[in-house]
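Residue numbers (the working numbering): 25 to 277. Don't be surprised by glycine CBs; every beta carbon is placed ideally from N, CA and C.
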């Protein structure tokens, strides 16, 4: 193993964007710490990569402070550093108006999309400062930019994370740490299936006559931001399908 190789944490690595991001960064020579609730899927992913011995997989529940702390600590012990944190994990539950929202689902979204990523950033920041640099890339959502019905809790959590990252940029200025937020539009992953509570027919109707982003598209965008020269910080990237103008405005062909 090349101990000088960069180390990337990728959350949500058991599926979708996280899985494709892990594949991309493995091809680029990174050592990987992969976190998600479903460890078995990550272990299969690790074995499919060219250098599985360069991959560390562990359970990570972003709604659990102890899980976050344990994951960050074990990653540091395994690799001795973290050069890049890619927050891909996220969840959206339900599409009800705010007065009909499920409070437990709201809590899950706020903890997974906002508090958990903040806590993980907090866990890796001291090491990045000590080594003179690093990069934090967060996957946000187009929903954070446009108010629309049925997304009060989810959009609020994602917008909260965007502001946290803006403040983080101020707090880390001069440290060599780069901060990037990427807001994607509709992407063809299991995320939409969760949002629609497993209703595959509704997801199919959403995507009918429409070409969404793919997880591979997003992995390419993440790599673009991460591979920029050290003096270049891509603060914000908004990525949408060509036929999507906002969360609710799509052109169907």
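Inset, instruction - Use the C-beta contact count for residue 187: other C-beta atoms within 10 angstroms, 16 or more gives buried, fewer gives exposed. - result: In this structure residue 187 is exposed. Its beta-carbon is surrounded by fewer than 16 other beta-carbon atoms within 10 angstroms.
Inset, instruction - Let me know the secondary structure DSSP gives residue 263 once reduced to three states. - result: DSSP places residue 263 in strand when its eight states are reduced to three.
Legend entry - First through last residue of the beta strand (DSSP E) which encompasses residue 81: Annotation: the continuous beta strand (DSSP E) that includes residue 81 extends over 79 to 83.
Inset, instruction - State buried or exposed for residue 20, treating a residue as buried only when at least 16 other CB atoms are found within 10 Å of its CB. - result: The structure shown has nothing for residue 20, since the chain only spans 25 to 277.
Inset, instruction - Classify residue 191 as buried or exposed, calling it buried when 16 or more other Cβ atoms lie within 10 Å of its own Cβ. - result: Around the beta carbon of residue 191, fewer than 16 other beta carbons sit within 10 angstroms, so the residue counts as exposed.
Inset, instruction - Could you tell me the boundaries of the alpha helix (DSSP H) in which residue 145 lies? - result: First-last of the alpha helix (DSSP H) with residue 145: 140 to 155.
Inset, instruction - Along the beta strand (DSSP E) that carries residue 270, what are the first and last residues, could you check? - result: 268 to 270 is the span of the beta strand (DSSP E), which, as asked, contains residue 270.
Legend entry - Chain-order list of residues whose beta-carbon lies under 7 Å from that of residue 167 (same chain, five-residue window excluded): The answer, listed in chain order, is 175, 178, 179, 182, 271.
Inset, instruction - Could you tell me the distance, in whole angstroms, from the CA atom of residue 63 to the CA atom of residue 91? - result: Their backbone Cα atoms lie some 13 Å apart in a straight line.
Inset, instruction - Quick one: residues in its chain with C-beta nearer than 6 Å to the C-beta of residue 119, no 5 flanking neighbours on either side, listed in chain order? - result: Excluding sequence neighbours, residue 119 sits near 174.
Legend entry - Between the CA atoms of residue 80 and residue 57 - distance to the nearest angstrom: Answer to the nearest angstrom: the Cα atoms are 5 Å apart.
Legend entry - Which of helix, strand or coil DSSP assigns to residue 34: Strand at residue 34.
Inset, instruction - Could you work out which residue in 117, 59, 148 is closest to residue 108 when comparing CA atoms only? - result: The alpha carbon of residue 108 has as its nearest neighbour, out of 117, 59, 148, the alpha carbon of 148.
Inset, instruction - Determine which residues share a DSSP beta bridge with residue 205 and list them. - result: The secondary-structure analysis by DSSP pairs residue 205 across a beta bridge with 162, 260.
Inset, instruction - Can you grab the Cα-Cα spacing for the pair residue 61 / residue 123, in whole Å? - result: Residue 61 and residue 123: Cα-Cα distance of roughly 30 Å.
Inset, instruction - Taking residue 82 as the reference, give the member of 37, 30, 160, 215 with the closest Cα. - result: Distance from the Cα of residue 82 is smallest, within the candidate group 37, 30, 160, 215, for 37.
Inset, instruction - Would you kindly report the start and end of the unbroken alpha helix (DSSP H) that includes residue 230? - result: Taken as a continuous stretch (DSSP letters only), the alpha helix (DSSP H) holding residue 230 covers 224 to 231.
Legend entry - Check whether residue 267 and residue 235 have beta carbons under 8 Å apart: Closer than 8 Å, so yes.
Inset, instruction - Please state if the CB of residue 59 and the CB of residue 214 are separated by a distance shorter than 8 Å. - result: No, these two residues do not count as a Cβ contact at 8 Å.
Legend entry - Best match in 242, 78, 211 for proximity to residue 227 [C-alpha to C-alpha]: Of 242, 78, 211, the residue nearest in Cα terms is 211.
Legend entry - Inter-residue spacing [alpha-carbon to alpha-carbon] between residue 102 and residue 164: C-alpha of residue 102 to C-alpha of residue 164: approximately 28 Å in a straight line.
Legend entry - Burial state of residue 25 (16 or more Cβ within 10 Å): Low confidence applies here, because residue 25 scores a pLDDT of 46, under 50, leaving its location unreliable; read the following figure in that light. Classification for residue 25: exposed.
Legend entry - Contact set for residue 151: own chain, Cβ-Cβ below 8 Å, skip 5 residues either direction: Only 100, 105, 106, 158 meet the Cβ criterion.
Inset, instruction - Starting from the C-beta of residue 221, find all residues in its chain whose C-beta is less than 8 Å away, skip the five residues before and the five after it, and write them out in chain order. - result: So the list reads 117, 118, once near-sequence residues are dropped.
Inset, instruction - Determine the extent of the alpha helix (DSSP H) in which residue 59 is found, giving its start and end residues. - result: Careful: residue 59 lies outside any alpha helix (DSSP H), inside the beta strand (DSSP E) at 55 to 60.
Legend entry - residue 110: first and last residue of the uninterrupted beta strand (DSSP E) it sits in: Per DSSP, residue 110 belongs to the beta strand (DSSP E) from 108 to 111.
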